[in-house]
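Per the numbering used here, the very first residue in the sequence shown carries number 1; after that it's consecutive.
Beta carbons are placed, not taken as given, at the ideal position from N, Cα and C, and that holds for glycine.
Please read all numbers here as calculations on a predicted model, not as lab measurements.
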Amino acid sequence: MSWAPVGLKRLPLTLAILCVGLGVLVFSTGLLSFNPDPRTWDTATERLTELVVIISLMGAGLKLDRPLGWRSWSTTWRLLAVAMPLTIAAVAWLGWAGMGFSLAMALLLGAAMAPTDPVLAADVQVGPPRSGDEDEVRFGLTSEAGLNDALAFPFVHLAILAAAGGLATQAGLADWFGIKVGWKLLAGLGAGWLVGKALGHVMFRSRRGPSRLGDALIALAATLIAYAAAEVIHGYGFLAVFVCAVTIRASERDHEFHQAMHDFSDQIERLLIMLLLVLFGGALANGLLSSLTWTDALIGLAVVLVVRPVAGLIAMAGSEHPWRERLLLAFLGIRGVGSVYYVAYGLNHGDFGDSERLWAIVGFIILVSILVHGVTAAPLLQRLTRRREADAG
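Pasting the structure below:
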């Protein structure tokens, strides 16, 4: 994890590609009897991906230098309000009409493919706090990844409701809209803000706060406290963690302790994501894609190369940003660990029937995203930076 990124700088590879390849190599030899297939380890898959996502969300919130605002975050609101629902609808339709999924499973596929992953999208996110590496593309993708993991959750619950036959009942729809959409979002937002305000006061106002003692372990504590607080009151913990991080950052925006907390979160996240990606490679080696058909593969390619880019361009239509920035914001919607979590959560909490093809297409889409975005993201962003500097000159 420490040395590989240095050696990969001049190669069209990323650490994610390397870890997946390592997993395929190790588990293909037959030396390990353990099969890390998420279809077997459903509960462990849900919990491990859950942990990685919330740690990543804390890091994403801490690294955002830009204060929250309606106009300053306009790119974020466009991607969340337009691109995400369009992606969910389009992917769900492809799952239902193209793959023959039930409505419930198609909705679950759409919801799982909606979020830009905060874990695997680290290469296209803004730099550490106060680094100045926060152009519009990086900011938009970071803030979108921080929020849409929570905002896609109501659609996962809608899929679970459909699996239980509740879409045809007024009570089921009322519960979904009132509780799964209204209350859970408000509770997650409120819990994250309150925990962030409280911890921000302790860290930066107290004479013996962690910022004065230099203990960056508080980043992990803040992550778990915010998540637990939201879950206790039945809110969305993903939303609470990101809001908590943004609130902590706002409490003393330019304090150097944010850098220490971010670095600590980043180290834990990189260790966990390495483990997950090696296990993902092992699942691929043990037949995760065995149920994939040619039709499924074409639909998976369409999700990565057509659906998200088109939805992103529609979302950015009419914005003041240059065309090349809109293209990158639309194209770099990386799919990854968050999608695995949502599929595992949905299958563990609803009756969707046989999920072999669902896991196969989700695994295929994640693999395509790791390869395509991993190879193209860095060169595209470097080219954008050079073009921006040339224009400024």
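Contact under 8 Å by Cβ, Leu79 with Gly140: Cβ distance < 8 Å, so Leu79 and Gly140 count as in contact.
Between the beta-carbon of Thr281 and the beta-carbon of Phe27, is there less than 8 Å? One detail in the question is off: residue 281 reads as Gly in this sequence, not Thr. Contact check for Gly281 against Phe27 passes: the beta carbons are separated by less than 8 Å.
With three or more C-beta pairs closer than 8 Å as the rule, is the stretch 322-340 touching the stretch 379-388? Yes: the two stretches touch, three or more of their Cβ pairs being nearer than 8 Å.
Under 8 Å Cβ to Cβ from Val399, same chain only, skipping five residues before and after it: list those, please. Given a span of 1 to 393 for the chain in the structure shown, any question on residue 399 remains unanswerable.
Supposed close pair Ala104, Gly95 - CB separation, criterion 8 Å: About 10 Å; that fails the 8 Å criterion.
In chain order, which alpha helix (DSSP H) runs of at least 4 residues are fully inside the stretch 167-204? For the stretch 167-204, whole alpha helix (DSSP H) runs of length 4 or above, ordered along the chain, are 170-175, 184-204.
Short of 8 Å in beta carbon distance, which residues of its chain neighbour His262, apart from the five on each side in sequence? Order them along the chain. Sequence-distant partners of His262 (beyond 5 residues in either direction) whose C-beta falls short of 8 Å from its own C-beta, in its chain, are Gly59, Leu62, Lys63, Pro128, Pro129, Ala219.
Quick check: what's the CA-CA separation for Ala396 versus Thr142? In the structure as shown, the chain starts at 1 and stops at 393, and residue 396 therefore has no counterpart that could be examined.
For Ala187, which residues in the same chain have their Cβ closer than 7 Å to its Cβ, ignoring the five residues on either side in sequence? Exclusion of the five residues before and after Ala187 leaves Ala230, Ile233, His234, Gly235 as the residues of its chain whose Cβ lies within less than 7 Å of its Cβ.
Looking at Val156: is its Cβ nearer than 8 Å to the Cβ of Val52? Taking 8 Å as the Cβ cut-off, Val156 and Val52 do not qualify as a contacting pair.
Since Ala164 contacts Gly353 with CB under 8 Å, what's their CB separation in whole angstroms? Between Gly353 and Ala164 the Cβ distance is about 12 Å, and since that is not below 8 Å, they are no contact.
Under the three-state reduction of DSSP, which class applies to Met113: helix, strand or coil? In the three-state reduction of the DSSP assignment, Met113 falls in the coil class.
Give the straight-line distance between the Cα atoms of Pro38 and Leu381, rounded to the nearest whole angstrom. Pairing Pro38 with Leu381, the inter-Cα distance amounts to about 33 Å.
Label Trp359 either buried or exposed according to how many other C-beta atoms from any shown protein chain fall within 10 Å of its C-beta, with 16 as the threshold for buried. Flag for Trp359 reads buried.
Using only the alpha-carbon positions, how far apart do Ile179 and Val195 sit? Pairing Ile179 with Val195, the inter-Cα distance amounts to about 22 Å.
In the structure shown, what three-state DSSP assignment does Met105 receive? The DSSP-derived three-state label of Met105 is helix.
Taking C-beta to C-beta, are Ala260 and Ala221 nearer than 8 Å? Not closer than 8 Å, so no.
Report yes or no: do three or more beta-carbon pairs, one from the stretch 330-342 and one from the stretch 362-376, lie closer than 8 Å? In the pairwise beta carbon analysis, the stretch 330-342 is classified as touching the stretch 362-376: at least three pairs are separated by under 8 Å.
Beta-carbon within less than 6 Å of Phe153's beta-carbon, same chain only, minus the 5 sequence neighbours each way: which residues are those? Here the set comprises Tyr236.
Taking only runs that begin and end inside the stretch 42-70, name each unbroken alpha helix (DSSP H) of 4 or more residues, in chain order. Qualifying alpha helix (DSSP H) stretches, in chain order: 42-62.
Which first and last residues belong to the alpha helix (DSSP H) in which Asp254 is found? Per DSSP, Asp254 belongs to no alpha helix (DSSP H) and is neither H nor E.
Can you give me the C-alpha to C-alpha distance between Ala122 and Asp149, rounded to a whole angstrom? Per the coordinates, the alpha-carbon of Ala122 lies some 15 Å from the alpha-carbon of Asp149.
Pair within 8 Å by beta-carbon distance, Ala198 and Leu57: Leu57 sits away from Ala198, with the two beta carbons spaced by 8 Å or more.
Measure the CB-CB distance between Tyr342 and Ala112 and report whether it falls below 8 Å. In contact: Tyr342 and Ala112 (Cβ atoms closer than 8 Å).
In angstroms with no decimal places, state the Cα-to-Cα distance between Arg329 and Ala378. Note on identity: in this sequence residue 329 is Leu, with Arg being the wrong assignment. If you draw a straight line from the Cα of Leu329 to the Cα of Ala378, it comes to about 13 Å.
Note down, in chain order, each residue of its chain lying with its Cβ closer than 8 Å to the Cβ of Arg253, except the 5 sequence neighbours on either side. Hits under 8 Å: Asp65, Pro67.
Could you tell me if Gly182 is buried or exposed, where buried requires 16 or more neighbouring beta carbons within 10 angstroms of its beta carbon? By the 10 Å Cβ count, Gly182 comes out exposed.
Please state whether the Cβ-Cβ distance between Ile17 and Gly346 is less than 8 Å. Against a cut-off of 8 Å, the Cβ pair of Gly346 and Ile17 comes out as no contact.
Delimiting residues of the alpha helix (DSSP H) encompassing Glu144: Residues 136-151.
Selected residue, minimal CA-CA separation from Glu269, among Phe34, Trp3, Ile54: Of the candidates Phe34, Trp3, Ile54, the one whose C-alpha sits nearest the C-alpha of Glu269 is Ile54.
With distances taken Cα to Cα, identify the nearest neighbour of Gln125 among Leu284, Asp391, Asp266. Gln125 has its Cα closest to that of Asp266, out of Leu284, Asp391, Asp266.
Gly312: first and last residue of the uninterrupted alpha helix (DSSP H) it sits in: First-last of the alpha helix (DSSP H) with Gly312: 308-315.
Where Ala226 falls, given that 16 or more other Cβ within 10 Å makes a residue buried: Residue burial annotation: Ala226 is buried, with at least 16 other C-beta atoms found within 10 angstroms of its C-beta.
Grouping DSSP H, G and I as helix and E and B as strand, with all else coil, what is His373? Helix, per DSSP.
Alpha-carbon to alpha-carbon, Arg205 and Gly98: Near 57 Å, if we compare the C-alpha coordinates of Arg205 and Gly98.
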